[in-house]
Amino acid sequence: MFEARLVQSSILKKVLEAIKELLNEATFDCSDSGIQLQAMDNSHVSLVSLNLRSDGFDKYRCDRNLSMGINLASMSKIMKCAGNDDVLTMKAQDNADLVTFMFESQNQEKVMDYEMKLMNLDQEHLGIPETDYSCVIKLPSQEFARIVRDLSQFGESVVISCTKEGIKFSAGGDIGNANIKLAQTSNVDKDEDAVTIEMQEPVSLTFACRYLNSFAKATPLSPQVQLSMSADVPLVVEYKIGDIGHIRYYLAPKIED
Amino acid sequence: DPKQTKISKFFTSP
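Shown next, in the form of structure tokens:
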């Protein structure tokens with residue numbers, strides 16, 4: 001028996017919005033420790049890794065490990081039926097081919113049950129090596145979304161360069177060139193407005209704009225985003241999900257031949 | 258122009 005209750009169903013709605021542009025389907029691996037998902041996008045350029053810890057749920061029970069293969073467009077249709085303030089409970093029997101999403105209004109006067117068929121998906125989990133990154137940057141997630149959206153107008157790629165002085169995003173194309181520089185903030189009223197840089201070595205890497213724009217769909221999950229970079233390895237874009245977990249996107253760099 | 262690499266080039270299959 002698997003059962004997971006979340007008072008704020010909006011969290012799962014936002015998680016789904018954050019992954020459904022990159023992935024058509026994915027396996028939600030449920031265990032005693034929580035729910036995890038790892039999947040590459042169709043072109044195998046990026047990888048999504050989601051972790052929702054069991055202790056972050058309002059109620060969580062998972063007697064046996066369960067892999068739920070889910071069509072994300074179908075799940076999205078169901079999650080749209082939930083109000084933001086509804087309480088969500090996901091339920092599945094052991095070895096089930098169905099998962100039930102139950103939504104309850106706060107006053108418990110309306111209860112909705114949606115059953116969704118599960119799929120058998122080929123699972124290929126990749127081992128992600130522990131890495132000490134040369135640069136770790138934290139910045140407001142809305143700022144990051146804005147920057148990648150603005151620079152996408154100039155070209156398909158964005159160069160992200162990090163030095164002690166700051167972080168620079170650059171793009172160029174037929175209409176011209178664009179550069180956006182952010183310095184580390186010295187004094188902000190709110191932590192979520194801060195730009196912080198931890199740098200061991202300066203790094204400059206090139207990435208495809210369209211994936212960064214897809215990652216930015218996670219913006220509503222967290223006021224801050226963390227970018228981790230080292231030379232010639234994938235960028236990590238991480239959004240914390242309240243007290244329950246995180247979503248990490250790994251993006252393979254563009255490299256000169 | 259730099260070429261797009263695949264994520265599986267960096268991460269190992271078990």
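Chains as they are written, first to last, in our numbering: chain A, 1 to 257; chain B, 258 to 271. No residue lacks a Cβ here, since even glycine has one placed at the ideal position from N, Cα and C.
Query: Members of the segment 189 to 214 of chain A near chain B, C-beta cut-off 7 Å; Result: Thr206 and Ala208
Query: Methionine 229 of chain A burial status per 10 Å Cβ neighbour count (16 or more: buried); Result: buried
Query: Contact residues within the segment 116 to 136 of chain A, judged by C-beta distance below 9 Å to chain B; Result: Glu124, His125, Leu126, Gly127, Ile128 and Pro129
Query: Chain-ordered chain B contacts of aspartate 257 of chain A [CB-CB under 7 Å]; Result: Lys260
Query: Whether leucine 47 of chain A touches glutamine 38 of chain A by CB criterion (8 Å); Result: yes
Query: Identified DSSP bridge partners for leucine 333 of chain A; Result: As displayed, chain A neither begins before 1 nor continues past 257, which places residue 333 of chain A out of reach and without an answer.
Query: Simplified DSSP state of valine 48 of chain A, which is helix, strand or coil; Result: strand
Query: Cβ-Cβ distance between alanine 218 of chain A and tyrosine 239 of chain A below 8 Å; Result: yes
Query: Own chain, CB closer than 6 Å to lysine 181 of chain A, minus 5 neighbours either side, in chain order; Result: Gly166 and Lys168
Query: Residues of the segment 233 to 250 of chain A with Cβ closer than 9 Å to any Cβ of chain B, in chain order; Result: Val233, Pro234 and Tyr250
Query: Contact with chain B by methionine 40 of chain A, beta-carbon distance below 8 Å; Result: yes
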